[in-house]
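J.: Residue numbers (full-length UniProt numbering): 1 to 526.
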């Protein structure tokens, strides 16, 4: 009746025309008309040629841009996708911009292109995928306290590729948040779109649209003075806007009433400072330890004291003189004293990691959780990853890994479940949770298989610990006391991956079969 966790450390995979005819007339008068008709046709032909040239130039420009981009992306796909903005823009290009190009090309028959589009479209991301990528950027923005400009200008830690968001990209981000009634993020992204447009950046999105969304979102955040100022800007550039005048009068009436209620006759000038990440308070949500959890993800609030550190040791682990570890014992380091958490070094080789990923990639699907009310497996916003299940029959490396888990933990894997491989990509996370259940208590071994350039730590909000992925290592702890009672201190989370991709293998080891390997204790603390 106890549970263990093993995290085997990270491996870096930083792991979407015109035709006319004329029939001549035998009559001179009619032929004269045809002369003028031909002149019109020549003019029309010139216009057609000009339109085709403009279309061809647009296609050439697109092809040249994508040629350079794909040259960079295909030279190092994992490194390129390690930047979350690259991942978002890939989703956006394939879901939106390639369709626009398709419409352009369809103005003239292009069977080869359309055939290729038809073949590949089935693998393109859809609107939900694009929406998910956008929400991932917002999740990273919140967790790591990054303002919209940091993303827009590609100012992220550990990045190797320059990726920027345009005015239109920022507007689309803000609009998505607005449509979800998420006015906090709508304000941040609409403000960034406006900032970039005011600095002279060209865009398809009219400034009036940005001001329209931004002013109403600011109003929803309770900032009437700024909402009025933004709406006045909107009226100034588009006096005929269908909502602007009405909104302005409504906001002004609300502000007047607010001033009367406060016993004031005059409003204070609107705050002219640009809207920043901390201008408005982020709304609270369902997670009580949100602030502690996210602070630990940033490396803040870790309760590693000098006294605690002095109690942490390192040793060679031979698995109680296990024959497979006698000649080459495992290097073991203490990571935390209570609850006791250790890290095994050199637990997986690069070749093993490569093979496990190779086996898992074709089987990856969105990770699920069990609904506590229905018992049905379902996807959840608080667990964002893809996973696959591997059997020993898939490859000898799986059997070796299973045996190694048994050797270093001293636990039997005979009753364990299959090896699960999980990949946390852009914004991938698993919010605070327990690995034991009151109904079906299990042991869990979790093997991390990737380094991560930024983010992706495993954190324990209860006692303030944070452990970052290290390639080839394994972090191990018990989730249950020997008595079978859950150790509620072990509530933990996988922080969102900011830059890179986090690969983890999990092994659920059931409590049955461990009776003589870790005998039950009589008290909760055992």
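Even for Gly, the Cβ is constructed at its ideal location relative to N, Cα and C.
When burial is assigned at 16 or more other CB atoms within 10 Å of the CB, is residue 340 buried or exposed?
T.: The residue in question, residue 340, is exposed, as its Cβ has fewer than 16 Cβ neighbours within 10 Å.
J.: Give the secondary structure of residue 102 by DSSP, where H, G and I count as helix, E and B as strand, and everything else as coil.
T.: Three-state DSSP puts residue 102 in a helix.
J.: Cα-Cα, which of 165, 488 and 181 is closest to residue 479?
T.: The shortest Cα separation from residue 479 among 165, 488 and 181 belongs to 488.
J.: Have a look at residue 96 and residue 485 and give me their C-alpha separation to the nearest angstrom.
T.: Spanning the two alpha carbons is a distance of roughly 52 Å.
J.: Hey, could you find the ends of the alpha helix (DSSP H) residue 241 is sitting in?
T.: That residue, residue 241, is in no alpha helix (DSSP H); it is neither H nor E in DSSP.
J.: Since I believe residue 191 is in contact with residue 214 (beta carbons under 8 Å), could you give me their beta-carbon distance rounded to a whole number of angstroms?
T.: Indeed they touch by this definition, with Cβ atoms about 6 Å apart.
J.: With distances taken Cα to Cα, identify the nearest neighbour of residue 473 among 388, 333 and 357.
T.: The shortest Cα separation from residue 473 among 388, 333 and 357 belongs to 333.
J.: Report yes or no: do the stretch 167-179 and the stretch 200-211 share at least 3 C-beta pairs separated by less than 8 Å?
T.: Judged by Cβ distances under 8 Å, the stretch 167-179 makes contact with the stretch 200-211, as three or more pairs qualify.
J.: In chain order, what residues of the same chain lie with their CB nearer than 6 Å to the CB of residue 497, ignoring the 5 residues before and after it?
T.: Once the five neighbours on either side are set aside, the close Cβ partners of residue 497 are 424, 428, 452, 455 and 456.
J.: At which residue ranges does the stretch 116-185 contain complete alpha helix (DSSP H) runs of 4 or more residues, listed in the order of the chain?
T.: As far as the stretch 116-185 is concerned, its whole alpha helix (DSSP H) runs of at least 4 residues are 127-143, 148-152 and 167-179.
J.: Taking residue 314 as part of the alpha helix (DSSP H), name the residues at either end of that continuous run.
T.: Careful: residue 314 lies outside any alpha helix (DSSP H), inside the beta strand (DSSP E) at 314-317.
J.: When you compare only the Cα positions, how much space is there between residue 139 and residue 294?
T.: Approximately 10 Å, taken between the alpha carbons.
J.: Can the beta-carbon of residue 528 be found less than 8 Å from the beta-carbon of residue 90?
T.: Nothing about residue 528 can be reported from this structure: the residues present for the chain run from 1 to 526 only.
J.: Measuring CB to CB, does residue 461 end up less than 8 Å from residue 289?
T.: Yes; because the gap between Cβ atoms is below 8 Å, this pair is in contact.
J.: Grab me the residues of residue 101's own chain with a C-beta within less than 8 Å of its C-beta, minus the 5 sequence neighbours each way, in chain order.
T.: Here the set comprises 59 and 62.
J.: Between residue 527 and residue 94, which are expected to be in contact by the criterion C-beta below 8 Å, what is the C-beta distance as a whole number of angstroms?
T.: The requested residue 527 is not part of the displayed model; the chain covers only 1 to 526.
J.: Taking DSSP as the reference, what is the three-state secondary structure of residue 478?
T.: Of the three classes helix, strand and coil, the one that applies to residue 478 here is strand, per DSSP.
J.: Determine the direct distance from the alpha carbon of residue 493 to that of residue 434, and round the result to whole angstroms.
T.: Rounded to the nearest angstrom, the two C-alpha atoms are 9 Å apart.
J.: Would you call the CB atoms of residue 352 and residue 467 closer than 8 Å?
T.: No, the Cβ-Cβ distance between residue 352 and residue 467 is not below 8 Å.
J.: With distances taken between CB atoms, is the gap from residue 224 to residue 258 smaller than 8 Å?
T.: Yes, they are a contact pair.
J.: Give the C-beta separation of residue 196 and residue 170 to the nearest angstrom, bearing in mind that I take them to be a contact with Cβ-Cβ under 8 Å.
T.: Their Cβ separation, rounded to whole angstroms, is 7 Å, which keeps residue 196 and residue 170 in contact under 8 Å.
J.: Of the choices 303, 410 and 426, whose alpha-carbon is the least far from that of residue 324?
T.: Residue 324 has its Cα closest to that of 410, out of 303, 410 and 426.
J.: What does the alpha-carbon distance come out to for the pair residue 315 and residue 517?
T.: Whole-angstrom Cα-Cα distance: 21 Å.
J.: Between 327, 246 and 364, which has its C-alpha nearest residue 422's C-alpha?
T.: Per the Cα distances, 364.
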